[in-house]
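> The structure is given below, and queries will be raised subsequently.
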Amino acid sequence: MKHSFLNDGFFNGLDSSALGVEAAETLPPLCYTDRDFYEFEKEALFNHEWLCVGRESWVKEAGDYFTTSIIDEPIVVARGRDGAIRAMSSVCQHRAMLVAEGQGNTRAFLCPYHHWSYGLDGQLIGAPAMEKTCNFDKKDIKLPQFKVEIWHGFIFVNFDLDAAPLAPRLAALEGVMAPYAMAGLNGPAPDRDIKFPWNWKVMFENNNDGYHANRLHGGALHDFVPSRLAAFPDDLPADTAGYYRTNGTLHADASFNPTQKAILPIFPALGEVERNRMLFVNVPPTLSLVITSDMVIYLILRADGAETHLMDQGYLVAPGALEDPLFDDKLAMNKHSTSAIIAQDLHVDEMVQVGLRSRHAIRGRYSWQEQAQREFNGWLVRRYKDTWDRVKPPPGVGGN
Numbered sequence: 001m002k003h004s005f006l007n008d009g010f011f012n013g014l015d016s017s018a019l020g021v022e023a024a025e026t027l028p029p030l031c032y033t034d035r036d037f038y039e040f041e042k043e044a045l046f047n048h049e050w051l052c053v054g055r056e057s058w059v060k061e062a063g064d065y066f067t068t069s070i071i072d073e074p075i076v077v078a079r080g081r082d083g084a085i086r087a088m089s090s091v092c093q094h095r096a097m098l099v100a101e102g103q104g105n106t107r108a109f110l111c112p113y114h115h116w117s118y119g120l121d122g123q124l125i126g127a128p129a130m131e132k133t134c135n136f137d138k139k140d141i142k143l144p145q146f147k148v149e150i151w152h153g154f155i156f157v158n159f160d161l162d163a164a165p166l167a168p169r170l171a172a173l174e175g176v177m178a179p180y181a182m183a184g185l186n187g188p189a190p191d192r193d194i195k196f197p198w199n200w201k202v203m204f205e206n207n208n209d210g211y212h213a214n215r216l217h218g219g220a221l222h223d224f225v226p227s228r229l230a231a232f233p234d235d236l237p238a239d240t241a242g243y244y245r246t247n248g249t250l251h252a253d254a255s256f257n258p259t260q261k262a263i264l265p266i267f268p269a270l271g272e273v274e275r276n277r278m279l280f281v282n283v284p285p286t287l288s289l290v291i292t293s294d295m296v297i298y299l300i301l302r303a304d305g306a307e308t309h310l311m312d313q314g315y316l317v318a319p320g321a322l323e324d325p326l327f328d329d330k331l332a333m334n335k336h337s338t339s340a341i342i343a344q345d346l347h348v349d350e351m352v353q354v355g356l357r358s359r360h361a362i363r364g365r366y367s368w369q370e371q372a373q374r375e376f377n378g379w380l381v382r383r384y385k386d387t388w389d390r391v392k393p394p395p396g397v398g399g400n
């Protein structure tokens, strides 16, 4: 691993990004643009953290599967005949051809190159014309396996087989998540593999940010969610794997459409508190949720370069909503409004990435309405520093 500017001084300097929001400053711009830092970040975050890859409903039946990738690692997720959901590398253990692409239903994965076949559990079950190969036994070959955990219907994987479970470290989010009963929600097919030319953290930060809401999005489609009503919990444990913010609304059941109110069914367990605010939940480095009283927008961010990433975006709605003959029309109203808002966000994200490359980009300061950014920084800096202590070269080597 190259280290270039990565040294003790750089990582000690990150501490200022994890101070309280009144004193914190943003991460160094190089964290969003530098290839060496991205390579370091793979080990610091993606090789050991839980990564959201999709919804449990994407693999409802035995044999259902879908493919994805994070940090250029091809992944296939499948439901076995035993009902278990498994995630594994989709790289054939013969000549590295991918054994699965897209999504569908199958009895086994057949490598199209040389017809090696694998069961839904990844075990090699067929390898033509290998009988003359010395010391070859199909039982010894299996697609590399990843850990899997389901959280509120979302499928998470971990490349680190020794990783601690995810759910206990998200316990602080359960109180605000529970009324939405998200594990039982469904929605239309998501939009997948959307490519963006900016660092994944730029996107993640924008999804977290209540400060810009009435400024960038000022107007009838957003003014009923004022930035001044942003609120942040003060009791999140230091080792939490996720965080959230709420944002009060000017009327109950506010939603993003021309009526400014929910037109889809309200989530049935919501109380007065939930119906008068929106909820934004974040499980870095991959999952971001925007939650109104009638709709969940989920964003799955998949880093694939220092200045690029992929995203899957979908919607979840209350039980029974999909059966409404007018569901598509009602959702289209919501999507039309959210698309206008998202278009503003995407333009900003692209221009922020341009700005971060500039010699004049500095480490800026935060408003109190950006507390979620400080929470994100705390999550990042802790992992960056711990990893640097583990991988840095010995004293006197590599400029340390």
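Residues in the sequence shown are numbered from 1 upward in steps of one, following UniProt numbering. Beta carbons are placed, not taken as given, at the ideal position from N, Cα and C, and that holds for glycine. From a predicted model like this one, the values you see are computed outputs, not experimental measurements.
1. Would you call the region 267-275 and the region 186-201 touching, i.e. three or more CB-CB distances under 8 Å?
2. Could you tell me how far apart the beta carbons of Val225 and Thr249 are, in whole angstroms, since I believe they sit closer than 8 Å?
3. Note down, in chain order, each residue of its chain lying with its Cβ closer than 7 Å to the Cβ of Tyr211, except the 5 sequence neighbours on either side.
4. Could you tell me which of Lys392, Trp388 and Arg359 sits nearest to Pro28, measuring between CA atoms?
5. Which of the three DSSP states, helix, strand or coil, is assigned to Met203?
6. Can you name the start and end residues of the beta strand (DSSP E) that Met177 belongs to?
7. Which residues mark the beginning and the end of the beta strand (DSSP E) in which Leu124 is found?
8. Using C-beta distances below 7 Å, list every residue in its chain close to Ile71, excluding the 5 sequence neighbours before and after it, in chain order.
9. Could you tell me if Ala332 is buried or exposed, where buried requires 16 or more neighbouring beta carbons within 10 angstroms of its beta carbon?
10. Could you pull out every unbroken alpha helix (DSSP H) segment of at least 4 residues lying fully inside the region 329-396, listed in chain order?
11. Assuming Asn247 is part of the beta strand (DSSP E), what are its boundary residues?
12. For Asn214, which residues in the same chain have their Cβ closer than 6 Å to its Cβ, ignoring the five residues on either side in sequence?
13. Going by beta carbon distance, what residues of the same chain come within less than 7 Å of Lys385, once the five residues before and after it are set aside?
14. For the ligand HEM, is there a heavy atom less than 7 Å away from the beta-carbon of Thr246?
15. Let me make sure I understand the geometry here. Which of Leu356, Val348, Val296 and Ile300 has the alpha-carbon closest to that of Ile335?
16. Looking only at its chain, what residues have a beta carbon closer than 6 Å to the beta carbon of residue 406, apart from the 5 residues adjacent to it on each side?
17. For Gly13, which three-state DSSP category applies?
18. Mapping the DSSP letters down to three states, classify Arg79 as helix, strand or coil.
19. From the DSSP output, in three-state form, read off Pro74 for me.
20. If we count the other Cβ atoms within 10 Å of its Cβ and call it buried at 16 or more, is Phe159 buried or exposed?
21. Check this for me: beta carbons of Ser16 and Glu25, under 8 Å apart or not?
22. Check whether the Cβ atoms of Gln313 and Ile194 lie closer than 8 Å to each other.
23. Any contact between the region 184-191 and the region 278-288? By contact I mean 3 or more CB pairs, one from each, below 8 Å.
24. Could you check whether Tyr244 and Val176 sit closer than 8 Å to each other, using their CB atoms as the reference points?
25. Is it the case that the Cβ atoms of Ala62 and Val148 are separated by a distance below 8 Å?
26. Rounded to whole angstroms, what's the CA-CA distance from Asp329 to Asp36? Just pull it up for me.
27. Assuming the contact rule is C-beta atoms closer than 8 Å, Ser255 and Ser288 should be a hit. Round their C-beta distance to whole Å, please.
28. Roughly how many angstroms separate the alpha carbons of residue 404 and Ala343, rounded to a whole number?
29. At least one CB of chain B closer than 8 Å to the CB of Glu22: is that the case?
30. Which residues mark the beginning and the end of the beta strand (DSSP E) in which Leu287 is found?
31. In whole angstroms, what separates the C-alpha of Ala220 from that of Asp209?
32. Would you mind working out which of Ala238, Leu6, Ala181 and Glu131 sits nearest Ala269, comparing C-alpha positions?
33. Considering just the uninterrupted stretch of the beta strand (DSSP E) at Phe267, what are its terminal residues?
34. When burial is assigned at 16 or more other CB atoms within 10 Å of the CB, is Ala84 buried or exposed?
35. So what's Met1 in DSSP terms, helix, strand or just coil?
36. Suppose you measure from the CA of Met1 to the CA of Asp223; what does that come to, to the nearest Å?
From the atom records:
1. no
2. Translated into positions along the sequence shown, residue 225 becomes position 225. Translated into positions along the sequence shown, residue 249 becomes position 249. 5 Å between Cβ atoms; contact.
3. Walking along the sequence shown from the start, residue 211 turns up at place 211. Excluding sequence neighbours, Tyr211 sits near Ser227, Ser367, Gln369 and Glu370.
4. Looking up residue 28 in the sequence shown gives position 28. Nearest of Lys392, Trp388 and Arg359 to Pro28, Cα basis: Arg359.
5. Here residue 203 corresponds to residue number 203 of the sequence shown, with the count starting at 1. Here Met203 sits in helix by DSSP.
6. Numbered from 1 along the sequence shown, position 177 holds the residue referred to as residue 177. Segment Glu174 to Met177 is the alpha helix (DSSP H) holding Met177; no beta strand (DSSP E) there.
7. Position 124 of the sequence shown, counted from the first residue, corresponds to residue 124. It spans Leu124 to Gly126 - the beta strand (DSSP E) in which Leu124 sits, taken as one unbroken run.
8. Stepping through the sequence shown from its first residue, residue 71 is reached at position 71. Lys42, Phe46, Ala303 and Asp304, listed in sequence order.
9. For the purposes of this step, residue 332 is taken as residue 332 along the sequence shown, with counting starting at 1. Exposed, by the Cβ-count rule.
10. 371-391
11. Numbered from 1 along the sequence shown, position 247 holds the residue referred to as residue 247. Tyr243 to Gly248 is the span of the beta strand (DSSP E), which, as asked, contains Asn247.
12. Within the sequence shown, the letter at position 214 stands for residue 214. Pro226 and Ser227, listed in sequence order.
13. Counting from one through the sequence shown, the residue named residue 385 turns up at place 385. Contacts found: Phe11 and Leu14.
14. Of ligands this structure carries none, so the ligand HEM is not represented either.
15. As a position in the sequence shown, residue 335 is number 335, starting the count at 1. The sequence shown places Lys at residue 335, rather than the Ile named in the question. Per the Cα distances, Val296.
16. The structure shown does not extend to residue 406, since the chain is modelled only from 1 to 400, so the question has no answer here.
17. Counting from 1 along the sequence shown, the entry for residue 13 is found at position 13. It is helical.
18. Within the sequence shown, numbered from 1, the residue matching residue 79 stands at position 79. It is a strand residue.
19. Along the sequence shown, one-based indexing puts residue 74 at 74. In this structure, Pro74 counts as strand in the three-state DSSP scheme.
20. Here residue 159 corresponds to residue number 159 of the sequence shown, with the count starting at 1. Phe159 comes out buried.
21. If you number the sequence shown from 1, residue 16 lands on position 16. If you number the sequence shown from 1, residue 25 lands on position 25. In this structure, Glu25 lies closer than 8 Å to Ser16 by Cβ.
22. The residue given as residue 313 occupies position 313 in the sequence shown. The residue given as residue 194 occupies position 194 in the sequence shown. Yes, the pair counts as a contact, with Cβ atoms nearer than the cut-off.
23. no
24. In the sequence shown, counting from the first residue as 1, residue 176 sits at position 176. In the sequence shown, counting from the first residue as 1, residue 244 sits at position 244. Taking 8 Å as the Cβ cut-off, Val176 and Tyr244 qualify as a contacting pair.
25. To locate residue 62, count along the sequence shown from 1; it is residue 62. To locate residue 148, count along the sequence shown from 1; it is residue 148. Taking 8 Å as the Cβ cut-off, Ala62 and Val148 do not qualify as a contacting pair.
26. Numbered from its first residue, the sequence shown carries residue 329 at position 329. Numbered from its first residue, the sequence shown carries residue 36 at position 36. Going from the Cα of Asp329 to the Cα of Asp36 covers about 47 Å.
27. Along the sequence shown, one-based indexing puts residue 255 at 255. Along the sequence shown, one-based indexing puts residue 288 at 288. No, Ser255 and Ser288 are not in contact; Cβ-Cβ is about 18 Å, not under 8 Å.
28. The structure shown does not extend to residue 404, since the chain spans only 1 to 400, so no value can be given for it.
29. Checking the listed chains, one finds no chain B in this structure; it contains a single protein chain.
30. Residue 287 sits at position 287 when you count from the first residue of the sequence shown. Run containing Leu287: Leu287 to Ile291, per the beta strand (DSSP E) assignment.
31. Locating residue 220 in the sequence shown gives position 220, counting from the first residue. Locating residue 209 in the sequence shown gives position 209, counting from the first residue. Whole-angstrom Cα-Cα distance: 19 Å.
32. What you label residue 269 is simply residue 269 of the sequence shown in a count that begins at 1. The option with the nearest alpha carbon to Ala269 is Ala181.
33. Counting from one through the sequence shown, the residue named residue 267 turns up at place 267. From DSSP, Phe267 is part of no beta strand (DSSP E); its letter is neither H nor E.
34. The sequence position of residue 84 within the sequence shown is 84, counting from 1. Flag for Ala84 reads exposed.
35. Along the sequence shown, one-based indexing puts residue 1 at 1. Here Met1 scores only 45 on pLDDT, less than 50, and its place in the model is too uncertain to base an answer on.
36. For the purposes of this step, residue 1 is identified with residue 1 of the sequence shown, where counting begins at 1. For the purposes of this step, residue 223 is identified with residue 223 of the sequence shown, where counting begins at 1. Here Met1 scores only 45 on pLDDT, less than 50, and its place in the model should not be relied on; the value that follows carries that caveat. Using only the alpha carbons, I get a separation of about 47 Å.
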